[in-house]
Amino acid sequence: MQNKSAWSALFSTSMVFLLAWACQGQDPDSLRYLALGDSYTIGTSVEPAERFPMQLAKSLQQRGVAIQKPKIVARVGWSTDQLAAAMDRENLEGSTWDVVTLLIGVNNQYRGGALAQYKIEFEALLKRAIKLAGNDKKKVIVLSIPDYGVTPFGQRFQAGRISREIDEFNAANRKIAEAQEVAYLDITPISREALKNKALIADDQLHPSGKMYARWVEQLLSFFPEK
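Residues -22 to -1, 1 to 205 (mature numbering (1 follows the signal peptide of the UniProt record, and there is no 0)) make up the sequence shown, in order.
Structure below.
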């Protein structure tokens, strides 16, 4: 595995150029953000304003970056193939986005989907995300899958097995992200803090709370240096 600090430095540098391009190379009002995913992106069981894409956009606005309301293509229960089908329906290929985030895979794991198939479908999704970003890889960020095994819901099942499988899926999506040379944010350790900090869990006892999403955004902002 490549040195994490080296990857962080690489992508922080990349985002410097992204932010400069977004704010200077075109009308800043046209900065467009596409968030692709599942329940973790649509923010199941939290208010719309607490979804991490919305919190990220607000935080960037507070830094003086003009950004449009995020376009969110995500729904609870979606696996990689369902996200791909939804992207087809949205006709996204006709647009170019300035920032694209991708977080997908928990439902592949939950349903017992084959890791090999996940790798194929995730790589295809990531390549589409890159294309949607105008083939500019520095505009794309992959987020790791949270570990729901630490939640009250997950604790009712084989929590240890869930955590191990989440790690396997994340090892796969990280490897693909690094091969494609896009930024990778590991938010799984934050999700595991919910084992002892219930404030990080939504009222449904499964999904992240707005407070956890805020923690993710703190990490995401490291890719966007302040003006």
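No residue lacks a Cβ here, since even glycine has one placed at the ideal position from N, Cα and C. These numbers come from a predicted model, not from an experiment.
| Query | Result |
| --- | --- |
| Look up Pro186 in the DSSP assignment and give the residues it is bridged to. | Ile179 |
| I'd like the span of the beta strand (DSSP E) that includes Tyr88, first residue to last. | Careful: Tyr88 lies outside any beta strand (DSSP E), inside the alpha helix (DSSP H) at 84 to 88. |
| By DSSP, does Val51 sit in helix, in strand, or in coil? | strand |
| Around the Cβ of Ile98, are there at least 16 other Cβ atoms within 10 angstroms (buried) or fewer (exposed)? | exposed |
| Apart from the five residues on each side of it in sequence, which residues of its chain come closer than 6 Å, Cβ to Cβ, to Arg193? | Ile168 |
| Would you check if there are 3 or more beta carbon pairs closer than 8 Å linking the region 10 to 21 to the region 179 to 198? | yes |
| Would you call the CB atoms of Ile82 and Leu14 closer than 8 Å? | yes |
| Sorted by chain position, which residues of the same chain lie with C-beta nearer than 7 Å to Leu93's C-beta, five sequence neighbours on each side aside? | Glu146, Phe147, Ala150 |
| Out of curiosity, what's the CA-to-CA distance linking Ala157 and Asp164? | 16 Å |
| Could you check whether Ala62 and Val51 sit closer than 8 Å to each other, using their CB atoms as the reference points? | no |
| Please list the segments of the alpha helix (DSSP H) lying wholly inside the region 116 to 187, counting only runs of 4 or more residues, in order along the chain. | 130 to 133, 137 to 157, 166 to 170 |
| What residues are listed by DSSP as bridge partners for Thr79? | Ala13, Ile119 |
| Is the beta carbon of Gly12 less than 8 Å from the beta carbon of Lys36? | Strictly speaking, residue 12 in this sequence is Leu, with Gly absent from that position. No. |
| Output the distance between the C-alpha atoms of Phe131 and Gly91, rounded to the nearest integer angstrom. | 20 Å |
| Secondary structure at Glu196, three-state DSSP: helix, strand or coil? | helix |
| Taking 8 Å as the limit between beta carbons, can you name the residues of its chain near Glu25, skipping five residues before and five after? | Gly188 |
| So, for Val54: in the same chain, excluding its five sequence neighbours on each side, which residues have a beta-carbon less than 8 Å away from its beta-carbon? | Asp16, Ser17, Ile20, Thr22 |
| State the Cα-Cα distance for the pair Glu159 and Phe30, rounded to the nearest angstrom. | 23 Å |
| Go ahead and pull the three-state DSSP assignment for Thr74. | coil |
| Do you know how far the Cα of Tyr126 is from the Cα of Ser57? | 15 Å |
| If we call anything under 8 Å between Cβ atoms a contact, is Val128 one with Ala155? | no |
| Going by DSSP in three states, Thr58 sits in which element: helix, strand or coil? | helix |
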